[in-house]
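Structure first, commentary second.
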Amino acid sequence: MNKISEVVARRVWDSRGWPTVEVEVRLAGGRSGRGIAPAGASRGLHEAVELRDGGPALSGKGVSRALAAVRETIAPALIGHDVADQEGIDRLMVALDGTPNRAHLGGNALAATSMATLFAAAADAGLPLWKYLAGGKAVDLPLPQIQIFGGGAHAGRRIDIQDLMVIAVGAKSFDRALEMTCDVYHAAGALMAERGQLQGIADEGGWWPAFASNEEALDTLVKAIERAGFVPGEDVAIALDIAASEFGENGRYRLALEGRELDSDAMSQMLAGWIDRYPIVSIEDPLAEDDAKGLAAFTRAVGARVQIVGDDFLVTNAARVEAAVEAKACNAVLLKPNQAGTVTELRAALRAAQAAGWGSIVSARSGETEDVAIVHLATGLNAGQLKVGSFARSERMAKWNEAVRIAETGLPFRGKAALAH
Ligand code: PGA
Ligand code: ZN
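First residue of the sequence shown? That's 77 in this note's numbering, and the numbers climb one at a time after it.
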């Protein structure tokens, strides 16, 4: 047992150039751990509230209130606490917050502190975080979901779909999965350049989606897979994050690019048509967070063939996962530490998913930093899958590179068997 001696909060900056919260948990004896809160752009209605200052400075995105929450409320409560008691610390922070959605202290303050505590505990145990989390149990390297085109809220809503990703389903090792993705990513860029469509990259490092329709994006992705020398669906498959809450509400879905409005059934049918025509193995938030019925119907229709992931719909919340399992809506959960607020809550959501035989994917946010905690969570908690955005920009590559280091230890790679369906 080692006690927390100091909790330091500081303002650092994220990949979009906005302020965010870093917390450093220091222990008696000199060891320490750090955590940085990421930031979403397409946030779920029910996720933990990110505490921002508002007002004119820094476009309202200042974090001095969140830093004050750490310094004035969280730090005094944590000092002297056993760093290894993650659950106790997380519960204490949730109690200190006292709101259902972390609006008082801020999900950003809690997430950074929770992760810093976890890193400090691993450092104190003299173990890499993934190993500390695994606690002697056998774990696998995660299957990567990597973005090739960014869209939706991450690309000025240039296309409706938020993430067009690939999963190297034919890869027999983690390194090979990254190598295959590298080839597809650059083949896609070359294709865009030849067509005069290369206009830079979106928030998570995927190519800017200069497409006339959502289907053109899908067609281009298939061509990029082929151009890289792979068989679509066999070597490399497609994963989509529709992020439908961004353009759907009350059962109506407005496809801006095509100027069409669909009801829930028509939206499902359009997506089912894509699943028939394209090698899609995973689809996230196909319908909006308020469309539980639609999600259940969609899962009934295609859930035996593809992984259906709840992000905005489930917001890393165990109770919401349990309700969705009961309603048979989705068959996999996306897990984001700052969506829940604490590591303990993320673990509860993961347990609820695993108990139901669901798939699980630990995920980054669109606003990220050099923090690599999610790679350790995905591996150490044996989540099976990892989503960190694209294969460019160092806030993304820091995570893939950390995974490369973990892979070097010889952990097994489950490959496509990690997918639900
Ligand atoms: P966000 O989106 O981080 O911008 O909220 C990521 C996702 O929807 O998976
Ligand atoms: Zn999502």
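Glycine included, C-beta positions come from ideal geometry on N, C-alpha and C.
In this text, all values refer to a predicted model and were calculated from it rather than measured experimentally.
Quick one: Cα of residue i to Cα of residue j, how far?
i, j, result
"residue 339", "residue 373", "13 Å"
"residue 51", "residue 284", "Since the first residue shown for the chain is 77 and the last is 497, residue 51 is missing from the structure and cannot be characterised."
"residue 162", "residue 83", "15 Å"
"residue 376", "residue 103", "50 Å"
"residue 484", "residue 251", "9 Å"
"residue 492", "residue 434", "14 Å"
"residue 363", "residue 313", "21 Å"
"residue 85", "residue 99", "4 Å"
"residue 248", "residue 489", "7 Å"
"residue 120", "residue 319", "10 Å"
"residue 176", "residue 393", "11 Å"
"residue 496", "residue 480", "24 Å"
"residue 150", "residue 171", "11 Å"
"residue 352", "residue 136", "45 Å"
"residue 243", "residue 108", "35 Å"
"residue 407", "residue 271", "38 Å"
"residue 429", "residue 441", "20 Å"
"residue 403", "residue 276", "41 Å"
"residue 355", "residue 94", "37 Å"
"residue 147", "residue 153", "10 Å"
"residue 306", "residue 140", "49 Å"
Do residue i and residue j have their C-beta atoms within less than 8 Å of each other?
i, j, result
"residue 80", "residue 156", "yes"
"residue 198", "residue 414", "no"
"residue 498", "residue 221", "No answer is possible for residue 498: it lies beyond the span of the chain, which begins at 77 and ends at 497."
"residue 382", "residue 344", "no"
"residue 426", "residue 436", "yes"
"residue 410", "residue 378", "no"
"residue 512", "residue 459", "Outside the shown range of the chain, which is 77 to 497, sits residue 512, and nothing can be said about it."
"residue 263", "residue 234", "no"
"residue 482", "residue 464", "no"
"residue 401", "residue 368", "no"
"residue 280", "residue 466", "yes"
"residue 315", "residue 323", "no"
"residue 293", "residue 240", "yes"
"residue 173", "residue 78", "no"
"residue 196", "residue 159", "yes"
"residue 286", "residue 260", "no"
"residue 321", "residue 361", "yes"
"residue 462", "residue 216", "no"
"residue 337", "residue 289", "no"
"residue 91", "residue 478", "no"
What did DSSP end up calling residue i once you bin it into helix, strand or coil?
i, result
"residue 436", "strand"
"residue 208", "helix"
"residue 223", "strand"
"residue 450", "helix"
"residue 471", "helix"
"residue 345", "helix"
"residue 410", "strand"
"residue 323", "coil"
"residue 118", "coil"
"residue 476", "helix"
"residue 182", "coil"
"residue 96", "strand"
"residue 301", "helix"
"residue 492", "helix"
"residue 463", "strand"
"residue 285", "coil"
"residue 308", "strand"
"residue 111", "strand"
I believe residue i touches residue j by the beta-carbon criterion, under 8 Å. Please report the beta-carbon distance rounded to the nearest angstrom.
i, j, result
"residue 101", "residue 142", "So it is not a contact: roughly 16 Å between Cβ atoms."
"residue 421", "residue 166", "7 Å"
"residue 297", "residue 225", "7 Å"
"residue 452", "residue 254", "Wrong, their Cβ atoms sit about 17 Å apart, outside the cutoff."
"residue 423", "residue 371", "Rounded, the Cβ-Cβ distance is 24 Å, inconsistent with contact."
"residue 145", "residue 185", "4 Å"
"residue 366", "residue 325", "6 Å"
"residue 265", "residue 274", "7 Å"
"residue 391", "residue 190", "Between residue 190 and residue 391 the Cβ distance is about 16 Å, and since that is not below 8 Å, they are no contact."
Three or more C-beta pairs closer than 8 Å, one from the stretch 116 to 130 and one from the stretch 179 to 197: is that the case here?
The answer is yes - the stretch 179 to 197 touches the stretch 116 to 130, with three or more Cβ pairs under 8 Å.
Any contact between the stretch 439 to 458 and the stretch 99 to 119? By contact I mean 3 or more CB pairs, one from each, below 8 Å.
Flag = yes, the stretch 439 to 458 and the stretch 99 to 119 touch.
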